[in-house]
Amino acid sequence: MKKRGINVAALAIACVFVVTVIAFSACIYSDYDSGLKAATAKFEKISARTAEASGMFQSGSRGFLTLFNSAVGSPEIFQSIKLEIDGNEVYKYPAQDEAQSSVFVKSFSTRIVGGDGADIRINANIYTVAPAIIFYRARIAFIVILAGTLSAGLLLMYLYLNSSQDDGDVDFKKTKIDDDFGESLFDEESVQEGSEPEDETKADGGEPEQETEPQAQAEQAQEQEQESKVDFNPLENAYADQQAELPETGGQEAAAVSLGEGQGLFSPASGFGWESYLDARLESELIRAASSEQDLALAIIKIPGMTKESPYYGNVCQVLLDFFQFKDFLFEFKEDGFAAIIQGKDVDQALQSAQVLHSNLKGALTAAGQSENPQIGISSRSLRLITAERLKNEAEQALLHAADDPASPIIAFRVNPEKYRRFISGQDEEEAEPQA
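If you count by the numbering used here, then the sequence shown holds residues 26 to 461, one letter each, in order.
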């Protein structure tokens with residue numbers, strides 16, 4: 026029994042070692058494969074944003090470096106990165122050369138000719154697997170192996186204690202047999218001397234003691250063995266109780282999360298997003314459009330005199346949902362309007378879509394017995410690096426012009442990208458002068 030238990034313990038810990046090493050290697054390989062793709066995509070994005078910045082600003086200017094820093098983002102994914110313009114080093118991370126070659130580092134290099142003819146070179150060493158991830162994986166593997174080793178040690182200790190108790194019982198029985206044999210010799214000598222051993226035995230109760238004491242001692246040994254088992258089981262029971270409590274705690278946390286999400290991202294009145302969520306979603310879509318070099322437009326629709334309690338409010342919402350298809354890009358805007366994010370369309374394409382939408386809204390209002398004329402203001406990114414707040418302000422200004430001119434209920438804010446670049450460049454220079 027003891028030998029079989031040792032074999033089981035050895036096999037269990039060996040299986041734990043093998044499975045842990047295989048799992049650790051598989052996770053690192055998976056992280057390396059995905060990290061290599063992510064590193065390539067990151068460097069391509071930095072190169073594209075740098076080329077775009079060089080076309081908008083003078084190479085090495087404040088605006089250029091601001092866009093370059095935005096493209097680089099968090100420097101922890103880089104082992105090192107360096108930007109040189111016409112042979113002059115203008116950006117370097119880390120400050121001192123401490124980079125060492127590693128299997129988990131991918132090197133990239135590119136050369137860009139700036140809009141002003143500057144020679145721009147970017148050299149980067151990007152982690153395919155960050156050291157923090159390797160440490161995290163190794164820590165988990167160490168904990169699993171340690172737990173397996175401790176479990177095997179406890180099992181071996183348990184087997185050793187049981188075998189020690191069995192050996193003690195055998196020695197006790199041998200000693201008792203020897204004592205009984207000595208007593209029997211003494212009884213034989215008494216008989217030869219002519220004494221009355223039967224009476225003495227009966228009077229002293231020798232024979233009942235010889236029969237009862239081994240039984241009592243055997244029962245005591247069994248009780249000790251049971252006590253040792255009882256002392257060991259509470260450890261397992263306490264561990265099982267802790268494991269049983271974990272799902273309950275996880276369930277409470279999951280319930281808390283579900284309650285937090287249960288507040289809803291969409292307004293129950295219209296089924297569209299709350300107005301307070303518009304800026305965050307618009308900012309996110311602008312970043313995505315800029316990274317993929319796509320255009321994006323924002324349309325603000327206003328129905329004069331409409332409120333959420335108006336009987337035709339639901340009809341207007343349905344027309345908007347049928348037209349845009351996705352309620353994720355529709356938001357309430359003030360009491361009498363809505364805002365729509367239009368992906369992949371420039372100002373001219375958004376203007377054409379707005380004309381169709383205006384006709385649909387006008388038809389729905391007429392069918393509901395209303396004479397209000399919908400008003401729509403449009404603004405687009407137009408390949409600019411623009412904030413959500415500015416794009417929304419432009420759309421609101423276009424909407425104000427639409428309200429002032431009843432003959433033109435649809436107004437689009439059109440921007441000249443070249444003039445806009447010159448305006449931003451001039452603004453940066455003015456801001457930089459006081460600092461100098």
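Where is the CB? At the ideal position from N, CA and C, for every residue including glycine.
In this text the structure is predicted, and so the values were computed from the model without any measurement.
Taking all protein chains shown into account, decide if Ala413 is buried (16 or more other Cβ within 10 angstroms of its Cβ) or exposed.
buried
Please check the pair Lys370 and Asp320, which I expect to be a contact at CB under 8 Å, by giving their CB distance rounded to whole angstroms.
6 Å
Flag Gly60 as yes if its beta-carbon sits less than 7 Å from any beta-carbon of chain B, otherwise no.
The chain labelled as chain B is not found in the depicted structure, where only one protein chain is given.
Could you check what DSSP says for Arg146 in three-state terms: helix, strand or coil?
strand
Could you round the C-beta distance between Thr45 and Ile147 to whole angstroms and report it? I think they count as a contact, below 8 Å.
The pair is not a contact, with the Cβ atoms about 40 Å apart (cut-off 8 Å).
Take Ala375 and list the residues in its own chain whose beta-carbon comes closer than 8 Å to its own, dropping the five residues that flank it on each side.
Ala322, Ala324, Ile367, Ile403, Ser405, Ala437
At what residues does the beta strand (DSSP E) containing Phe89 begin and finish?
Element bounds for Phe89: not the beta strand (DSSP E) but the alpha helix (DSSP H), 87-97.
Considering only residues of the region 272-360, which uninterrupted alpha helix (DSSP H) runs meet the minimum length of 4 residues and lie entirely inside it, listed in chain order?
303-316, 338-349
In angstroms with no decimal places, state the Cα-to-Cα distance between Leu386 and Asp347.
11 Å
Can you tell me whether Val154 is buried or exposed? The criterion is at least 16 other CB atoms within 10 Å of its CB, across all chains shown.
buried
Sequence ranges, alpha helix (DSSP H) only - wholly within the region 374-412, length at least 4:
none
If you compare alpha carbons, which of Ile401, Ser176, Pro434 is closest to Ala364?
Ile401
Confirm, please, whether the CB-CB distance from Glu300 to Phe358 is below 7 Å.
yes
Is the region 416-428 touching the region 331-348 in the sense that three or more CB pairs, one from each, lie closer than 8 Å?
no
Quick check on Glu334: buried or exposed, where buried means 16 or more other Cβ atoms within 10 Å of its Cβ?
exposed
What residues in its chain sit with their C-beta under 8 Å from that of Asn150, if we drop five residues either side in the sequence?
Phe103, Gln104, Ser105, Ile106, Ala124, Val130, Lys131, Ser132, Phe133
Just to confirm, is the Cβ distance from Gly362 to Ile326 under 7 Å?
yes
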